[in-house]
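Q: For any residue, its number in the numbering used here is found by taking its place in the sequence shown, counting from 1, and adding 3. Virtual Cβ for every residue (Gly too), placed ideally from N, Cα, C. Take this structure, written in structure tokens, and hold onto it; I'll ask about it next.
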Amino acid sequence: MPEEPTDEEVVEAASDAAEGIVLSRYKQSNIHDLDVTVRFEDGELAVDVYINAPDDPDPAAVAQEAVDAAEAAVDELFDEADS
Numbered sequence: 004m005p006e007e008p009t010d011e012e013v014v015e016a017a018s019d020a021a022e023g024i025v026l027s028r029y030k031q032s033n034i035h036d037l038d039v040t041v042r043f044e045d046g047e048l049a050v051d052v053y054i055n056a057p058d059d060p061d062p063a064a065v066a067q068e069a070v071d072a073a074e075a076a077v078d079e080l081f082d083e084a085d086s
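Here it is, written out as structure tokens:
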């Protein structure tokens, strides 16, 4: 049975997924500020995404999509460890 992912691996997977979504929706030069904060403590994942970018697409919607992608990436990481 494969080992569970480390906290570092979880944080990295979530961060990469969130940033990937944001960078796929905006040209990097159009992003004025991007902050992705990921915490994984005691089995609890917390993801916060702040985007200061043009209103098209809606930054709040893109931020939520980034959070969802981060959570999905972590779920996939744990699913792989369980198989």
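(1) In chain order, what residues of the same chain lie with their CB nearer than 6 Å to the CB of V39, ignoring the 5 residues before and after it?
(2) Within a Cβ cutoff of 7 Å, which residues of the same chain sit near K30, ignoring the five residues on either side of it in sequence?
(3) Under DSSP, the alpha helix (DSSP H) around D78 begins and ends at which residues?
(4) In chain order, what residues of the same chain have a beta carbon less than 8 Å from the beta carbon of A72, not counting five sequence neighbours either side?
(5) Hey, how far is the Cα of D10 from the Cα of E44?
(6) What residue from V77, Q67, S27, P57 has the CA that sits closest to S42's CA?
(7) How about P60 and R28: do their beta carbons lie closer than 8 Å?
(8) In whole angstroms, give me the CA-to-CA distance for S32 and A66.
A: On the basis of the data shown:
(1) By 1-based counting over the sequence shown, the position of residue 39 is 36. Correct list, in chain order: S18, A21, E22, V52.
(2) Position 27 of the sequence shown, counted from the start, is the residue given in the question as residue 30. Closer than 7 Å at Cβ, skipping near neighbours: no residue.
(3) Translated into positions along the sequence shown, residue 78 becomes position 75. Start and end: 62-85.
(4) By one-based count along the sequence shown, residue 72 stands at place 69. Excluding sequence neighbours, A72 sits near A20, A21, G23, I24.
(5) Taking the first residue of the sequence shown as 1, we reach residue 10 at position 7. Taking the first residue of the sequence shown as 1, we reach residue 44 at position 41. If I take the Cα positions, the gap works out to 8 Å.
(6) Numbered from 1 along the sequence shown, position 39 holds the residue referred to as residue 42. Looking at the sequence shown, residue 42 is not Ser but Arg. It is V77.
(7) Along the sequence shown, read from residue 1 onward, the residue named residue 60 stands at position 57. Along the sequence shown, read from residue 1 onward, the residue named residue 28 stands at position 25. The answer is yes: Cβ separation under 8 Å.
(8) Numbered from 1 along the sequence shown, position 29 holds the residue referred to as residue 32. Numbered from 1 along the sequence shown, position 63 holds the residue referred to as residue 66. Cα to Cα, the separation comes out at about 17 Å.
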